[in-house]
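Student: Each residue of the sequence shown is one higher than the one before, starting from 767 at the first, in this note's numbering. The C-beta atom is built at its ideal place from N, Cα and C for all residues, glycine as well. Got a structure here, written out as structure tokens. Questions coming.
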Amino acid sequence: MLPTAVLKKMLATLKSIPHLNHVRIGSRVPVSYPLRLFDDELIAVLKDFNAHKTLFIPTHYNHVREITAVSAAAVRRLRNAGITVNNQAVLLSGVNDNVAALVALMNGLLRIGVNPYYLYQCMPVARVRHHFQVPLKKGIDIVDRARRRFDGYAKRFKYIIGHDMGKLEICGCIGDRLVLKQLHARRGREQDVSRLLVQQLTPNGGWLDDLPQVALEPVAAN
């Protein structure tokens with residue numbers, strides 16, 4: 767949404783940092799204002815930067831109806847510039863919290879060349895949680911049943927909780943217990959990366975803090 771001249775100046779500075787391997791520009795523009803990407807000057811700036819350092823654009827489609835013809839054409843312009851476009855959706859009650867909606871969304875993204883990347887559990891934000899958050903027990907069931915209908919590329923997305931402690935992948939269930947794996951940790955807690963967590967599922971619990979923690983039994987050494 768910034769003026770192209772401002773973006774160009776910012777990217778030029780990033781281009782000169784030797785240890786910087788890639789850059790992400792998170793934006794909902796491909797969904798909500800795709801006409802911005804029909805600016806040839808903007809595409810030229812992004813393409814030039816991508817020739818020096820790999821550029822990723824994570825975007826935010828939540829429902830297949832957002833994949834319009836104009837939006838698909840805008841994504842095509844990014845892809846023709848060599849830019850990788852990933853999608854970070856949120857599981858939302860009444861919007862995409864059923865198998866058919868998730869299947870249509872992920873397959874629709876692949877159809878226009880957008881990689882399904884993350885499906886976020888809705889955060890417990892005031893005035894949002896009680897309207898849109900799906901219970902984790904229901905969410906896991908929906909995601910698992912949807913994955914059965916995907917090919918390999920569509921099912922690569924991770925079901926995620928963006929918790930204060932870091933980013934947690936929702937791996938699935940063992941009986942009535944939720945299994946998670948920590949993907950990222952906050953600064954100063956690097957030792958937590960890749961640890962497994964087990965929580966007791968409840969019928970209506972929609973966030974990690976709603977679920978009692980279950981201690982992992984130690985594995986006996988051989």
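Are there 16 or more other CB atoms within 10 angstroms of the CB of A855, so buried, or fewer, so exposed?
Tutor: Buried is the call here.
Student: Let's test the definition: count the other Cβ atoms within 10 Å of the Cβ of P882 and tell me whether it reaches 16, buried, or not, exposed.
Tutor: P882 should be labelled buried.
Student: In its own chain, which residues sit with a C-beta less than 6 Å from the C-beta of A847, not counting the 5 before and 5 after it?
Tutor: Excluding positions up to five away in sequence, the list reads I809, L812, K813.
Student: Buried or exposed for T834, please, with buried defined as at least 16 other CB atoms from any protein chain shown within 10 angstroms of its CB.
Tutor: The residue in question, T834, is exposed, as its Cβ has fewer than 16 Cβ neighbours within 10 Å.
Student: State the DSSP-derived secondary structure class of N881, mapped to helix, strand or coil.
Tutor: If DSSP states are grouped into helix, strand and coil, N881 belongs with the strands.
Student: Between L949 and L963, which are expected to be in contact by the criterion C-beta below 8 Å, what is the C-beta distance as a whole number of angstroms?
Tutor: No, L949 and L963 are not in contact; Cβ-Cβ is about 12 Å, not under 8 Å.
Student: DSSP on G905, reduced to helix/strand/coil?
Tutor: Here G905 sits in helix by DSSP.
Student: Could you give the DSSP three-state label for Q957: helix, strand or coil?
Tutor: Three-state DSSP puts Q957 in a helix.
Student: If contacts are defined as beta-carbon pairs under 8 Å, then Q966 and R943 qualify, I think. What distance do you get, rounded to the angstrom?
Tutor: Right, their Cβ atoms sit about 6 Å apart.
Student: Helix, strand or coil for N873, going by three-state DSSP, please let me know.
Tutor: Three-state DSSP puts N873 in a helix.
Student: Find out if the Cβ-Cβ distance for the pair A923, L871 is shorter than 7 Å.
Tutor: According to the sequence shown, residue 923 is Phe rather than Ala. It is not a contact, given that the beta carbons lie outside the stated cut-off.
Student: T825: buried (16+ other C-beta within 10 angstroms of its C-beta) or exposed?
Tutor: Classification of T825: buried, given that the 10 Å Cβ count is 16 or more.
Student: Determine the burial state of R953: buried for a count of at least 16 other Cβ atoms within 10 Å of its Cβ, exposed for fewer.
Tutor: Exposed: under 16 other Cβ atoms inside 10 Å.
Student: Looking at the unbroken alpha helix (DSSP H) that takes in R842, where does it start and where does it end?
Tutor: Run containing R842: 835 to 846, per the alpha helix (DSSP H) assignment.
Student: Name the one or two DSSP bridge partners that A855 has.
Tutor: BP columns for A855 point to L885.
Student: According to the neighbour-count rule (16 or more other Cβ atoms, all chains shown, within 10 Å of its Cβ), is G972 buried or exposed?
Tutor: G972 should be labelled buried.
Student: Alpha carbon to alpha carbon, how far is L777 from A981?
Tutor: So the two alpha carbons sit approximately 47 Å from each other.
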